[in-house]
Every structure is written in C-alpha cells, then in structure tokens.
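In terms of the working numbering, the sequence shown opens at residue 26 and continues consecutively. The beta-carbon is built from N, C-alpha and C at its ideal position, and this holds for glycine as well. From a predicted model like this one, the values you see are computed outputs, not experimental measurements. Notes follow the structure.
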Amino acid sequence: MTDSMSGRVALVTGASRGIGRAIAERLAAAGAEVAVHYHRDKAGAEETLARIGGRGFVIGAELGVHGDADEVHEQLSVGLAGRRLDVLVNNAAAQPAGPIGTDTEAAFDRLMAVNVRAPYFLIQRLLPVLADDGRIVSISSVATRMANPVQTSFAMTKGALETMTRTLAQELGARGVTVNAVAPGATRTEANGAFFETPGLTELIVGQTALGRLGSGEDVAEAVAFLASPAARWITGQVVDASGGLHLGVG
Ligand code: NAP
26 MTDSMSGRVA
36 LVTGASRGIG
46 RAIAERLAAA
56 GAEVAVHYHR
66 DKAGAEETLA
76 RIGGRGFVIG
86 AELGVHGDAD
96 EVHEQLSVGL
106 AGRRLDVLVN
116 NAAAQPAGPI
126 GTDTEAAFDR
136 LMAVNVRAPY
146 FLIQRLLPVL
156 ADDGRIVSIS
166 SVATRMANPV
176 QTSFAMTKGA
186 LETMTRTLAQ
196 ELGARGVTVN
206 AVAPGATRTE
216 ANGAFFETPG
226 LTELIVGQTA
236 LGRLGSGEDV
246 AEAVAFLASP
256 AARWITGQVV
266 DASGGLHLGV
276 G
C-alpha cells in the first residue's frame, strides 16, 4: 500500500459492514483518516474503526429521513475540527424492493429517499467543507445496465445516481472536485454470505462473469480507492464497472 491518501480525510457512508467497511479499510491503508458512518450497527462501525487502527471517528445517522444531511454534517464537523473533507464516498443504500408486481409506494419512496435524495443532499450540505481538489465517489450497481426485474426500482435509484455523477462532475469541475461512480456486480460480503449460499446461485453468477468468480468488498474498494486518490485527478463524470465482467457478453 502507498500513503497516497496521507493527511486526507474521507467520509464513507454505510461503513459498518460490507463494501463500505472494505472501502474504509482500503482508504485507511492508503493513509487516510476515515469518518465511519453507520445507521443501526454502532458496534459494526466501531469494529471498522478498530480495524483501521482508530484512525478516524464514527458518525451515526439514519439516511433517507429529513434532516439527515444536517445530522451527518454536525458530527462530521466535530471530527474534522476545522479541517476540510477530502473524499466523500456515498456507499449506504437500501436493498432492492422486489419486482413491480409486489412493490409498494412506501418501499419505492424509501429506496428513493435513501439511495438518491440522501446522497444528493449530503453532497449539497458538505460542499462548503469539501476540499477544492476533493473527490466524490458514489456506489452504483450493474443493475443499471443489466435488466433484472426483481430490482427495477433499485436499478432506477442507481441510474439516478449515475446521472447525478455526470452532471455534478460538470458543475464541480471548476473547483477541481472530481465526481465518479463505481458499479459493483455480485459482491459477497460477511453480511450477505447466506444469500450466495442459495443452491445454484453462485454457480449461475460465476458462469456469467468474465473473470469467473464472485466479487469481494476488497475488489470494489480498490476501484474506489483509485478514484479517490490523487492519481485519478483527470477522471471525472465516469461510472467504473467493478463487477469482474458480470453479463459482459455471450460465452
Ligand atoms: P450492506 O451490507 O447492506 O450494508 C449497507 C450499509 O449501509 C450498512 O453500513 C448500513 O448501516 C448502511 N445503511 C443502509 N441503510 C441506511 C440508512 N437508511 N441510513 C444510514 N445507513 C444505512 O450493503 P453492501 O452489500 O455492502 O452494499 C454497499 C453498496 O454497494 C450499496 O450502495 C449497494 O447498493 C451497492 N452494491 C452492492 C452489491 C452487492 O452484491 N453487495 C452489488 C451492487 C451494488 P447499518 O448496518 O449501520 O444500519
């Protein structure tokens, strides 16, 4: 690991487990101090913080409710203690709410609130403290390019995130801020391991993945860490697929 992120502060939403935890660990390994955000799992967030040697602080806040950005901003400001935020990783998300036939307005509204409204207004709230060479990386999904009817509304939220990425990149470029997204495919974490035990599922996915295995949080975190690093200074408005080539083509 290099220390390319030394002296930088990153906020990773949803870092109490899964991909968010792997991102926090990877950014910390590159030298960053990390604000480890969580909603319900305070113990998980504290474990993430412990895994990175305590180099950071935790932020507990529900996203997708009114006032969420203010809550994060308030706690972040204490941890920053007058410093700038260098990297914002919008990782926290609500899970797919099922196919259109069984979806509900309440579940749809919740997905939109957590996956779209929260990152958008969190960016708005944090822009004044974001460094002028700052980085915004949002976690999308291959669901935006793979039609999967059990994930229609979820895919819609990630599509919105990708559109936000391109348009904000245009606006924030004047400040030197880059805005990108990373789109994971099937990614096995400690939290969703049981799901991938479904008979036949892993074999099916692996068979449709060019690189021939499931992804890990660490695989995704590498892509995020690159986009968050100074080396990615000339890349903005992009969606980087980090799926090992899930549904890339035939054969
Ligand atoms: P996960 O295991 O379900 O973890 C979600 C994280 O987000 C947790 O830290 C959780 O906090 C937080 N969170 C969820 N809802 C929240 C809310 N309303 N307010 C605040 N925090 C909330 O997720 P994951 O599988 O690591 O996925 C991470 C990202 O990758 C998501 O954006 C997801 O859509 C995307 N993705 C994942 C996969 C995959 O196969 N895993 C594939 C494509 C895209 P608490 O636990 O503290 O409540």
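Just checking residue 170 against ligand 1 - is the residue's beta carbon closer than 6 Å to any of the ligand's heavy atoms?
no
Does ligand 1 have even one heavy atom less than 6 Å from the beta-carbon of residue 150? no
Kindly indicate which three-state DSSP category residue 125 falls into: helix, strand or coil? coil
With DSSP run on the structure shown, which of helix, strand or coil describes residue 144? helix
**Item:** Buried or exposed by the 16-neighbour rule on C-beta atoms within 10 Å, applied to residue 253
**Value:** buried
Taking 7 Å as the threshold (C-beta atoms), are residue 88 and residue 143 in contact? yes
| message | Restricting to Cα atoms, I'd like to know which of 269, 256, 265 is closest to residue 55. | response | 256
Inset, instruction - Could you tell me whether the Cβ atoms of residue 70 and residue 102 are closer together than 7 Å? - result: no
message = Let's test the definition: count the other Cβ atoms within 10 Å of the Cβ of residue 58 and tell me whether it reaches 16, buried, or not, exposed.
response = buried
Return the residue from the list 121, 96, 266 that minimises the CA-CA distance to residue 209.
266
Three-state secondary structure (DSSP) of residue 164:
strand
How about residue 159 and residue 111: do their beta carbons lie closer than 7 Å?
yes
Only counting runs of 3 or more residues, tell me where the beta strand (DSSP E) segments fall wholly within the region 163–225, in order along the chain.
203–209
Check your understanding: Is it the case that the CB of residue 253 approaches a heavy atom of ligand 1 more closely than 6 Å?
Key -> no
Can you have a look at residue 121 and say buried or exposed, based on whether 16 or more other CB atoms are within 10 angstroms of its CB? buried
Inset, instruction - For the region 217–232 and the region 187–205, state whether three or more C-beta atom pairs, one from each stretch, are separated by less than 8 Å. - result: no
Coil, strand or helix - residue 77 by DSSP = coil
request  = With DSSP as the reference, label residue 58 as helix, strand or coil.
outcome  = strand
*If you count every other CB in all the chains shown that lies within 10 Å of the CB of residue 106, and 16 or more means buried, which is it?*
exposed
Check: From 222, 250, 198, pick the residue whose C-alpha is nearest to that of residue 116; which is it?
Finding: 250
Any chance the region 153–167 sits against the region 197–212, with 3 or more Cβ pairs inside 8 Å? yes
Exercise. Can you give me the start and stop residues for the beta strand (DSSP E) that residue 266 sits inside?
Key: 264–267
Exercise. When you compare each of 65, 271, 76 to residue 238 by their alpha carbons, which one comes out closest?
Worked result: 271
Item checked: Range of the contiguous alpha helix (DSSP H) that encloses residue 252 -> 242–253
* Asked: Where residue 72 and residue 198 are concerned, what is the direct C-alpha to C-alpha distance, given to the nearest angstrom?
  -> 35 Å
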